[in-house]
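Those sequence lines, one after another, are chains A and B.
For what it's worth, my numbering labels the leading residue of the first sequence as 1, then goes sequentially.
For what it's worth, my numbering labels the leading residue of the second sequence as 141, then goes sequentially.
All residues carry an ideal CB built from backbone N, CA and C; glycine is no exception.
Note that the coordinates shown come from a computational prediction; the quantities given were computed from them, not determined experimentally.
Notes for the one structure printed next.
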Amino acid sequence: MCNPVLQIDVIIPTQTKYLDLIGNIGEHIAKDLDNFSGDREALAYHLNLVLTEATTNAIKHATLTTPKDTVRVTIQTQENALIIKVYDHGQGFDLETVPLPDFDQPKENGMGLYFIRTLMDSVTYTKQDDCNVLEIIKYL
Amino acid sequence: MKLNLERKNGFNIIFVQEERIDAHNSGELKEYILHLVEHGDVNIVVQLENVRFIDSSGLGALLSGYKNAAAKSGKLALACCKQQVLSMFELTRLNRVFEIYTDLNEAFENET
Numbered sequence: 001m002c003n004p005v006l007q008i009d010v011i012i013p014t015q016t017k018y019l020d021l022i023g024n025i026g027e028h029i030a031k032d033l034d035n036f037s038g039d040r041e042a043l044a045y046h047l048n049l050v051l052t053e054a055t056t057n058a059i060k061h062a063t064l065t066t067p068k069d070t071v072r073v074t075i076q077t078q079e080n081a082l083i084i085k086v087y088d089h090g091q092g093f094d095l096e097t098v099p100l101p102d103f104d105q106p107k108e109n110g111m112g113l114y115f116i117r118t119l120m121d122s123v124t125y126t127k128q129d130d131c132n133v134l135e136i137i138k139y140l
Numbered sequence: 141m142k143l144n145l146e147r148k149n150g151f152n153i154i155f156v157q158e159e160r161i162d163a164h165n166s167g168e169l170k171e172y173i174l175h176l177v178e179h180g181d182v183n184i185v186v187q188l189e190n191v192r193f194i195d196s197s198g199l200g201a202l203l204s205g206y207k208n209a210a211a212k213s214g215k216l217a218l219a220c221c222k223q224q225v226l227s228m229f230e231l232t233r234l235n236r237v238f239e240i241y242t243d244l245n246e247a248f249e250n251e252t
């Protein structure tokens, strides 16, 4: 494992007003990345989106069970990868059983995880001791 | 959520005066459109010029509005999308559902 270049650890109340803050952190990281030769504006949007969607999911899971819970988000940049972890205390779900959106008969929800999986390189959701962790990796 | 409404050429134009549509404010947009449709204002153009970010809940709010308008023989179209916002409609194939116009003039030429 490479040494992290940057490590950010944020804990927010389970309130959607903090989505802007979390998303903007992703945008700033994309714009400040050294040695990134790809489309920086696109990466900035994608990180904003992925952080927003993952945090929204964590807030939803938490507010169903313990409304005064918090959501923890960590972002680590390494030389060749960016690793996002979003921790929730909800009941959890099986990532593998989440279906793709039906593009022919689109529905109002169910697109968030599709965005995360489509725009990032690796997505896992695992249960740890007292929480669930959505780990998202984007190779740079 | 800051929204302005203008009526022109038989259309209700909603100007979204926010840079960001996400799960924090998309519910308001959804309710606003539903309220219009329920009052018979079923032909709607949503002007997204100021919006630089939309997430899945924002797309869902617009899709809800589209379906509600269509159910009452109306139509909801979009105008003035920034490139990054447009790419979200392309990624979800929702660009095949919505009429997306470059500007309001193009919307009126085609919708009226």
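Distance between beta carbons of residue j and residue i, contact taken as under 8 Å
{"i": "A/VAL50", "j": "A/ILE136", "result": "6 Å"}
{"i": "A/ILE83", "j": "A/VAL71", "result": "Their Cβ separation, rounded to whole angstroms, is 17 Å, which puts A/ILE83 and A/VAL71 out of contact at 8 Å."}
{"i": "A/LYS17", "j": "B/HIS164", "result": "5 Å"}
{"i": "B/GLY200", "j": "B/SER166", "result": "7 Å"}
Beta-carbon neighbours of residue i, restricted to chain B and to distances below 8 Å
{"i": "A/THR118", "result": "LEU231"}
{"i": "A/ASP20", "result": "ARG160, ASP162 and HIS164"}
{"i": "A/PRO101", "result": "THR232"}
Buried or exposed by the 16-neighbour rule on C-beta atoms within 10 Å, applied to residue i
{"i": "B/GLN187", "result": "buried"}
{"i": "B/ARG160", "result": "buried"}
{"i": "A/PRO101", "result": "buried"}
{"i": "A/ASP88", "result": "buried"}
{"i": "A/LYS31", "result": "exposed"}
{"i": "A/LYS107", "result": "exposed"}
{"i": "A/TYR45", "result": "buried"}
{"i": "B/TYR241", "result": "buried"}
{"i": "B/TYR206", "result": "buried"}
Neighbour flag for residue i against chain A, beta carbons, 8 Å
{"i": "B/GLY150", "result": "no"}
{"i": "B/VAL186", "result": "no"}
{"i": "B/GLN130", "result": "The question about residue 130 of chain B has no answer, for chain B in this structure spans 141 to 252."}
{"i": "B/VAL237", "result": "yes"}
Proximal residues of chain B, C-beta to C-beta of residue i below 7 Å
{"i": "A/GLU53", "result": "ASP195 and SER196"}
{"i": "A/LYS17", "result": "HIS164"}
{"i": "A/GLY112", "result": "SER196"}
{"i": "A/ASN48", "result": "PHE193"}
DSSP beta-bridge partners of residue i
{"i": "B/LEU145", "result": "B/ILE154"}
{"i": "B/ARG160", "result": "B/PHE193"}
{"i": "B/ILE184", "result": "B/ASN152 and B/LEU216"}
Closer than 8 Å to chain B by CB, residue i
{"i": "A/PRO13", "result": "no"}
{"i": "A/TYR45", "result": "yes"}
Chain-ordered neighbours of residue i on chain A, where CB pairs are closer than 8 Å
{"i": "B/GLY214", "result": "The contacting residues do not exist; B/GLY214 stays about 18 Å from chain A at best."}
Chain A contact residues for residue i, given Cβ-Cβ distances below 7 Å
{"i": "B/LEU174", "result": "Correct list: empty, because the minimum Cβ distance to chain A is about 12 Å."}
{"i": "B/LEU203", "result": "PRO106 and GLU108"}
The ligand MN heavy atom lying under 7 Å from the CB of residue i
{"i": "B/TYR172", "result": "The ligand MN is absent from the structure shown, which contains no ligands of any kind."}
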